[in-house]
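Q: Would you mind keeping the following structure in view while I ask a few things?
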């Protein structure tokens, strides 16, 4: 890939990044352009992936005379009838297959991973009671108490009053710790993306990329100043005319 | 008509649901093969479902352009973005790299899709901070607990947090990453487990309702 193409890439990348960040100032046409481009590019990305799936799992087997793949292909094609109101009911065949398969898969997966494994994980540490230190015993008891309290908080068949209310209130604290931890993790993930974008902008501000970041940034700022100035003048004129 | 419009679709849900469910509990080669085949089928049907969404999106935006509706010019960029990925993907036959060299597809991913995707989510960082400011106004002990857990997680992952911890609580002999580790592995897990157990019960019940045709809203209206 030639150096010119890479420089063009740097300019596009820096431009799109700044366009999207410009929303932090206010909604503007550059942000909307980048937003729509993202929608299109995202669909393009998934389109090439799913096109590959159809090529690998439908087209290639058909060339090897494996006709059974016609069945899921027809179920899939039935979904497209959504656009033809008269026969849109045909799309139910495709959807019901997805629902049936998904439901059948969700039951054992949900039971094994989210139910049995979680209960097992809470109880299992107590199997090694003799080998536990005071700290690990404390942790295991705390976790077991926490799980029970949270479950009681979500148990609505009993009225939450008296002792039940007290226990469910303890459950809220465990939930708050989880929500706080989840929030903290989300913030850190978003910020790491932010650092990544700033790092890219810094890279593209170099001489080898013809100062892409600075040029685009100055152009954007100039646009906002001029736009603000012109719209204010227009608003003043309209006010005077009125 | 009721047979082909309602009964057969419900039978499809029941048959595929029960068979998929049984394969998990029947340790036999046939059930493994069946599950593998169903997985392939699901991939195929999902691919078509994606194209359903794609056609719908294109239809909405092309209608907007043809009617010159408000902001129709932006709709053109949906198609530009789509072509900006699809054409390089076609040229590069879906490969990002050709040896050590970037293909056109890799170029489009690195310089178009990745900046758009990463920046879109990075912008959320600012909104998260502003939301945090509003929601972290500590009005109760529970809100305080949430705040403390979040602060430990945030500060525990940056050098600044370690410096603050060392200055204020260094005498304890623990470092902040150990505290974060403890929060993540003990009290946070307790909260998470309670939620996961609740979700799994809800998911299993909903799945059973779908398989037995009690829940059929997804079929739409006649």
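Chains as they are written, first to last, in the working numbering: chain A, 28 to 269; chain B, 125 to 346.
Don't be surprised by glycine CBs; every beta carbon is placed ideally from N, CA and C.
These numbers were taken from a predicted model, which means no experiment stands behind them.
Does residue 169 of chain B get closer than 7 Å to chain A when you measure Cβ to Cβ?
A: Output row for residue 169 of chain B: interface = yes.
Q: Determine the contact status of residue 198 of chain A and residue 273 of chain B, defining contact as a CB-CB distance below 7 Å.
A: No.
Q: Which bits of chain B does residue 210 of chain A rub up against, with CB to CB less than 7 Å?
A: The contacting residues are 274.
Q: Out of A:39, A:244, A:54 and A:190, which has the shortest C-alpha to C-alpha gap to residue 234 of chain B?
A: Answer by Cα proximity: A:39.
Q: How about the region 123-142 of chain A and the region 129-146 of chain B: do they share at least three Cβ pairs that are nearer than 8 Å?
A: Contact between the region 123-142 of chain A and the region 129-146 of chain B is present, because at least three Cβ pairs lie under 8 Å.
Q: I need the boundaries of the alpha helix (DSSP H) containing residue 150 of chain A, first residue and last residue.
A: Unbroken alpha helix (DSSP H) run through residue 150 of chain A: 144-150.
Q: I want to verify the contact list: residues of chain B whose CB lies under 7 Å from the CB of residue 193 of chain A, in sequence order.
A: Chain B residues near residue 193 of chain A: none, gap ~14 Å exceeds 7 Å.
Q: When the Cα of residue 225 of chain A is compared with those of B:197, B:137, B:146 and B:249, which residue comes out closest?
A: Of the candidates B:197, B:137, B:146 and B:249, the one whose C-alpha sits nearest the C-alpha of residue 225 of chain A is B:249.
Q: Among all the DSSP beta bridges, which residues are the ones paired with residue 221 of chain B?
A: B:226.
Q: Restricting to Cα atoms, I'd like to know which of A:256, A:62 and A:237 is closest to residue 245 of chain B.
A: Closest option to residue 245 of chain B, Cα to Cα, is A:62.
Q: For residue 129 of chain B, count neighbouring C-beta atoms within 10 Å of its own C-beta (all shown protein chains included) and say buried if the count is 16 or more, exposed if not.
A: When all chains shown are included, residue 129 of chain B counts as exposed.
Q: Count the other CB atoms within 10 Å of the CB of residue 266 of chain A; is the residue buried (16 or more) or exposed (fewer)?
A: With fewer than 16 Cβ atoms within 10 Å of its Cβ, residue 266 of chain A is classed as exposed.
Q: Using a 10 Å radius around the Cβ and a threshold of 16 neighbouring Cβ atoms, would you call residue 269 of chain B buried or exposed?
A: Residue 269 of chain B comes out buried.
Q: Is the number of C-beta pairs between the region 173-182 of chain B and the region 105-114 of chain A that are closer than 8 Å three or more?
A: As far as the Cβ criterion goes, the region 173-182 of chain B touches the region 105-114 of chain A, which means the pair count is three or higher.
Q: Roughly how many angstroms lie between the CA atoms of residue 301 of chain B and residue 149 of chain A, to the nearest whole one?
A: Roughly 23 Å separates the two Cα atoms.
Q: Under 7 Å Cβ-Cβ, which residues of chain B neighbour residue 166 of chain A?
A: Correct list: 310.
Q: The alpha helix (DSSP H) that contains residue 261 of chain A, what's its start and end?
A: That run of the alpha helix (DSSP H) goes 239-268.
Q: Name the residue from A:51, A:257 and A:69 whose alpha carbon lies nearest to the alpha carbon of residue 350 of chain B.
A: Summary: the structure shown does not reach residue 350 of chain B, with chain B confined to residues 125 through 346, and so no result is reported for it.
Q: Name the residue from B:162, B:276, B:252 and B:317 whose alpha carbon lies nearest to the alpha carbon of residue 141 of chain A.
A: Nearest C-alpha to residue 141 of chain A: B:317.
Q: Inspect the beta-carbon positions of residue 188 of chain B and residue 180 of chain B and report whether they are closer than 7 Å.
A: Against a cut-off of 7 Å, the Cβ pair of residue 180 of chain B and residue 188 of chain B comes out as no contact.
Q: Is the region 201-214 of chain B close to the region 71-79 of chain A, with three or more CB pairs under 8 Å?
A: The region 201-214 of chain B vs the region 71-79 of chain A: in contact.
Q: Report buried or exposed for residue 166 of chain B, applying the criterion of at least 16 other Cβ atoms within 10 angstroms of its Cβ.
A: Residue 166 of chain B should be labelled buried.
Q: Since residue 84 of chain A meets chain B, which of its residues come closer than 9 Å, beta carbon to beta carbon?
A: Within chain B, the residues near residue 84 of chain A are 164, 165, 167, 168 and 171.
Q: So, does the CB of residue 414 of chain B fall closer than 7 Å to a CB anywhere in chain A?
A: This structure gives no information on residue 414 of chain B, because the portion of chain B shown stretches from 125 to 346.
Q: With 7 Å as the threshold, decide whether the Cβ of residue 257 of chain B is near any Cβ in chain A.
A: No, no contact with chain A.
Q: What are the complete beta strand (DSSP E) segments, minimum 3 residues, inside the region 159-241 of chain A?
A: Those beta strand (DSSP E) runs which fall completely within the region 159-241 of chain A and span 3+ residues do not exist here.
Q: Consider the Cβ of residue 133 of chain B: report whether some Cβ of chain A lies at a distance smaller than 7 Å.
A: Closer than 7 Å to some Cβ of chain A, the Cβ of residue 133 of chain B qualifies, so yes.
Q: With 7 Å as the C-beta to C-beta threshold (strictly closer), list the residues of the region 113-128 of chain A near chain B in chain order.
A: So the list reads 116, 119, 120, 121, 122, 123, 124, 125, 126, 127 and 128, given in the order they occur along the chain.
Q: Taking 7 Å as the limit between beta carbons, can you name the residues of its chain near residue 219 of chain B, skipping five residues before and five after?
A: Result list for residue 219 of chain B: 227 and 229, in chain order.
Q: Tell me whether residue 151 of chain B is buried or exposed, calling it buried when 16 or more other Cβ atoms sit within 10 Å of its Cβ.
A: Exposed, by the Cβ-count rule.
Q: For residue 242 of chain A and residue 230 of chain A, I'd like the C-alpha separation in whole angstroms.
A: Distance between the alpha carbons of residue 242 of chain A and residue 230 of chain A is about 14 Å.
Q: Quick one: give me the first and last residue of the alpha helix (DSSP H) that residue 257 of chain B is part of.
A: Unbroken alpha helix (DSSP H) run through residue 257 of chain B: 238-259.
Q: Since residue 178 of chain B is in the alpha helix (DSSP H), which residue starts that stretch and which ends it?
A: Run containing residue 178 of chain B: 153-190, per the alpha helix (DSSP H) assignment.
Q: With distances taken between CB atoms, is the gap from residue 122 of chain A to residue 311 of chain B smaller than 7 Å?
A: No, the Cβ-Cβ distance between residue 122 of chain A and residue 311 of chain B is not below 7 Å.
Q: Skipping 5 residues on each side, what residues in its chain have a beta carbon closer than 6 Å to that of residue 159 of chain B?
A: For residue 159 of chain B, where only same-chain residues beyond five positions count, the Cβ hits under 6 Å are 147.
Q: Find the residues of chain A that neighbour residue 286 of chain B, judging by a C-beta separation of less than 9 Å, and give them in chain order.
A: Going along chain A, no residue has its Cβ under 9 Å from residue 286 of chain B, so there is no contact; the nearest lies around 14 Å.
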